[in-house]
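For reference, the structure discussed in these notes is given below.
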Amino acid sequence: MDESLLRTLTPTVISLLVRRGADFAAAEDAVQEALIEAVRAWPDDPPRDPKGWLVTVAWRKFLDAARADTSRRNREVLVESEPVPEPADLADDTLQLYFLCAHPSLTPASAVALTLRAVGGLTTRQIAQAYLVPEATMAQRISRAKRTVSSVRFNQPGDVATVLRVLYLVFNEGYSGDVDLAAEAIRLTRQLAATTEHEEVAGLLALMLLHHARRPARTGQDGRLVPLAEQDRCLWDTRLIAEGVDVLQAALARDRLGEFQAQAAIAALHADARTVEETDWVQIVEWYDELVRLTDNPVARLNRAVAVGEADGPRAGLAALAQLDPSLPRYTAATAYLHERDGDLATAARLYAEAARAATNLPERDHLTRQAARLNAALRG
Amino acid sequence: MAKYLLLKHYRGAPAPVNDVPMDQWTPEEVSAHIQYMREFAARLESTGEYVEGRELSPEGTFVRYGGEGRPPVTDGPFAETKDLIAGWMVIDVESYERALELAAELSAAPGAGGKPIHEWLEVRPLLSVPPTITE
Numbered sequence: 001m002d003e004s005l006l007r008t009l010t011p012t013v014i015s016l017l018v019r020r021g022a023d024f025a026a027a028e029d030a031v032q033e034a035l036i037e038a039v040r041a042w043p044d045d046p047p048r049d050p051k052g053w054l055v056t057v058a059w060r061k062f063l064d065a066a067r068a069d070t071s072r073r074n075r076e077v078l079v080e081s082e083p084v085p086e087p088a089d090l091a092d093d094t095l096q097l098y099f100l101c102a103h104p105s106l107t108p109a110s111a112v113a114l115t116l117r118a119v120g121g122l123t124t125r126q127i128a129q130a131y132l133v134p135e136a137t138m139a140q141r142i143s144r145a146k147r148t149v150s151s152v153r154f155n156q157p158g159d160v161a162t163v164l165r166v167l168y169l170v171f172n173e174g175y176s177g178d179v180d181l182a183a184e185a186i187r188l189t190r191q192l193a194a195t196t197e198h199e200e201v202a203g204l205l206a207l208m209l210l211h212h213a214r215r216p217a218r219t220g221q222d223g224r225l226v227p228l229a230e231q232d233r234c235l236w237d238t239r240l241i242a243e244g245v246d247v248l249q250a251a252l253a254r255d256r257l258g259e260f261q262a263q264a265a266i267a268a269l270h271a272d273a274r275t276v277e278e279t280d281w282v283q284i285v286e287w288y289d290e291l292v293r294l295t296d297n298p299v300a301r302l303n304r305a306v307a308v309g310e311a312d313g314p315r316a317g318l319a320a321l322a323q324l325d326p327s328l329p330r331y332t333a334a335t336a337y338l339h340e341r342d343g344d345l346a347t348a349a350r351l352y353a354e355a356a357r358a359a360t361n362l363p364e365r366d367h368l369t370r371q372a373a374r375l376n377a378a379l380r381g
Numbered sequence: 001m002a003k004y005l006l007l008k009h010y011r012g013a014p015a016p017v018n019d020v021p022m023d024q025w026t027p028e029e030v031s032a033h034i035q036y037m038r039e040f041a042a043r044l045e046s047t048g049e050y051v052e053g054r055e056l057s058p059e060g061t062f063v064r065y066g067g068e069g070r071p072p073v074t075d076g077p078f079a080e081t082k083d084l085i086a087g088w089m090v091i092d093v094e095s096y097e098r099a100l101e102l103a104a105e106l107s108a109a110p111g112a113g114g115k116p117i118h119e120w121l122e123v124r125p126l127l128s129v130p131p132t133i134t135e
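In order, the protein sequences belong to chains E and S. The UniProt record's numbering puts the first residue of the first sequence at 1, with every later residue one more than the last. The UniProt record's numbering puts the first residue of the second sequence at 1, with every later residue one more than the last.
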């Protein structure tokens, strides 16, 4: 039973139904029901033409729903209007679906949920599990999202940047339950990259591949966080890194730099170093300069200060940090790290403990607590 | 079966026996403590007594409706003995005695020097709906 095939076909089938005259919300519902039936029926009786099967079943589901709503006469009209020529360019339709799901009228959480369902072909249960909320809650979130975009015309041009933002959010959600959202985000971004020529789509794909490649090394067996410098680089996925670098280079060659390409370039420089000492911090600082120029994002400035600390020494890093707002996330942890590098263990230990109290996730809090404990133990001698 | 809430406090509970702040332990002691908590939860899952557990950040605020505009937000209504909850675990067990037994076991998590912390845990029964059949 090829679940990834099902997911790949989902946006195409929705688009086909919409072409035949179903509205988006009804088409999406019908395809979901067809997917559930496929999961049930395919293992025993695999279809020769999976797409044709899905289109037929989804269309029947749509008609069933329409029949429930309207008179028998209307249904017959719909059946009558069924003959459909195979659309010439499905890629465009799928792209429209991306734009619709990332419509600015949706909140980011709704946009993510709708994208995972309509474009990703995940079931409501799978999405709910990934977000650790009850299935009924997620079902409500999705139907609210569908109502919100129900009046949006399907052929309205969308903003690539918004679509990329949604995919980036999906990637950052990581994984839990039985769906790895990071892998799902990569699959969707690959699909998008295949249908659009936008260089930032390639930039985002490269960024995701490069980060995903390092994931096996990022946590220890006991679930603890392993910082970049201490990661076992043998665990990095060299195939994904090579692909990420290729995608990035092709995007950079087009000479239209954007923030995702710049972030991917930084990730590539880390991935390129065989040992932590080989890291090209000078070039990394240069890319952070580009990133700050492109986005003026305070988090990029914070990361840049840490990179400066590596390239030009901890004092220079601390000076760069002093220019920034101390309430930035991870500001205290970064300051602690640079103080330790500068040899001021007492200050570093105090700041690590402070950063642990402010941490927003458990692995990070435990990691920072260990850092404080390590330095305090060293100070006691 | 009845559900109980095991409440872990940052402060506000009576002081534990082995009262050393976590950042003064060794990294190995920190790891051992985390490992103990994780194994405790995993074991209760295997006995079918685990319901859920979450850790809370120490940062919190008090908010109330304050008429039109922004609601008043304060650090807390308590002057000095500010109570802070560190996290909770909900268990579903056969008896009150079993709940006490598990709370005591959780309180024995290792701390500084690898010795049990002996921290106080609050045990509160969860209110439930009335039973359909009363025996």
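Ideal placement from N, C-alpha and C gives every residue a C-beta, glycine not left out.
So that I know if they touch, is there some Cβ in chain E lying closer than 8 Å to that of residue i?
i: S:LYS3; result: no
Pick helix, strand or coil for residue i, following the three-state DSSP scheme.
i: E:LEU257; result: coil
i: S:TYR65; result: coil
i: S:GLY114; result: helix
i: S:VAL129; result: coil
i: E:LEU225; result: strand
i: E:ARG20; result: coil
i: E:ALA111; result: helix
i: E:THR56; result: helix
i: E:ARG67; result: helix
i: S:GLU119; result: coil
i: E:PRO85; result: For E:PRO85, the predicted model reports a pLDDT of 47, less than 50, meaning its position is unreliable; a value from the coordinates is still stated below. Three-state result, E:PRO85: coil.
i: E:LEU132; result: coil
i: E:ASP246; result: helix
i: S:ALA79; result: Caution applies to S:ALA79, whose pLDDT of 49 falls short of 50 and renders its modelled position unreliable; the value that the coordinates give is listed next. It is coil, neither helix nor strand.
i: E:GLU197; result: coil
i: E:LEU368; result: helix
i: E:SER327; result: coil
i: S:SER46; result: helix
i: E:ALA333; result: helix
What does DSSP give as the partner residues of residue i in its beta bridges?
i: S:ILE85; result: S:HIS9
i: S:LYS3; result: S:ASP92
i: E:ARG233; result: In DSSP, E:ARG233 forms no bridge with anything.
i: S:GLY53; result: S:MET89
i: S:ARG124; result: S:LEU5
i: S:VAL73; result: S:VAL63
i: E:LEU219; result: The sequence given here has Thr at residue 219 of chain E, not Leu. Bridge partners of E:THR219: E:LEU225.
Measure from the C-beta of residue i to each C-beta in chain S and report whether the shortest distance is under 8 Å.
i: E:ARG357; result: yes
i: E:ASP325; result: no
i: E:ALA229; result: no
i: E:ALA377; result: yes
i: E:ALA353; result: yes
i: E:THR347; result: no
i: E:THR295; result: no
i: E:THR137; result: no
i: E:ALA88; result: With a pLDDT of 48 at E:ALA88, under the threshold of 50, the modelled position of that residue is not reliable, and the figure given next carries that caveat. So, not an interface residue.
i: E:THR10; result: no
i: E:THR335; result: no
i: E:THR107; result: no
i: E:PRO85; result: In this predicted model, E:PRO85 has a pLDDT of only 47, less than 50, meaning its place in the structure is not dependable enough to derive any value.
i: E:SER15; result: no
i: E:THR279; result: no
Compare the C-beta of residue i with all C-beta atoms of chain B and state if any pair is closer than 8 Å.
i: E:THR332; result: Of the protein chains in this structure, namely E and S, none is chain B.
Closer than 7 Å: is that where the CB of residue i sits relative to any heavy atom of the ligand NAD?
i: E:GLU310; result: The model on display carries no ligand, and the ligand NAD is accordingly not part of it.
message: Counting only Cβ-Cβ distances shorter than 7 Å, please list the residues of the stretch 362-375 of chain E near chain S, keeping chain order.
response: For the stretch 362-375 of chain E, which is checked against every Cβ of chain S, the residues closer than 7 Å are LEU362, ASP366, THR369, ARG370, ALA372, ALA373 and ARG374.
message: What are the residues in the stretch 43-61 of chain S lying within 8 Å of chain E by C-beta distance?
response: So the list reads GLU55, SER57, PRO58 and GLU59, given in the order they occur along the chain.
task: Anything in the stretch 19-41 of chain S with a Cβ closer than 9 Å to a Cβ of chain E? List those residues in chain order, please.
output: Of all residues in the stretch 19-41 of chain S, only PRO21, MET22, ASP23, GLN24, TRP25, THR26, PRO27, GLU28, GLU29, VAL30, SER31, ILE34, GLN35 and ARG38 place a beta-carbon less than 9 Å from a beta-carbon of chain E.
task: Can you check the stretch 143-195 of chain E for any alpha helix (DSSP H) of at least 4 residues that lies completely inside it and give the ranges in chain order?
output: Uninterrupted alpha helix (DSSP H) stretches at least 4 residues long and entirely within the stretch 143-195 of chain E occur at 160-172 and 181-195, given in chain order.
Within 9 Å of chain S by C-beta, residues of the UniProt domain "DUF6596" (161-251) of chain E in sequence order: Of all residues in the UniProt domain "DUF6596" (161-251) of chain E, ASP222, GLY223 and ARG224 have a Cβ within less than 9 Å of some Cβ in chain S.
- prompt: Unbroken alpha helix (DSSP H) runs of length 4 or more, entirely within the stretch 261-321 of chain E: which are they?
  reply: The stretch 261-321 of chain E contains these whole alpha helix (DSSP H) runs: 281-295 and 298-312.
Residues within the stretch 96-128 of chain E neighbouring chain S, beta-carbon criterion of under 7 Å: When C-beta distances to chain S are compared with 7 Å, every residue of the stretch 96-128 of chain E stays at or above that value.
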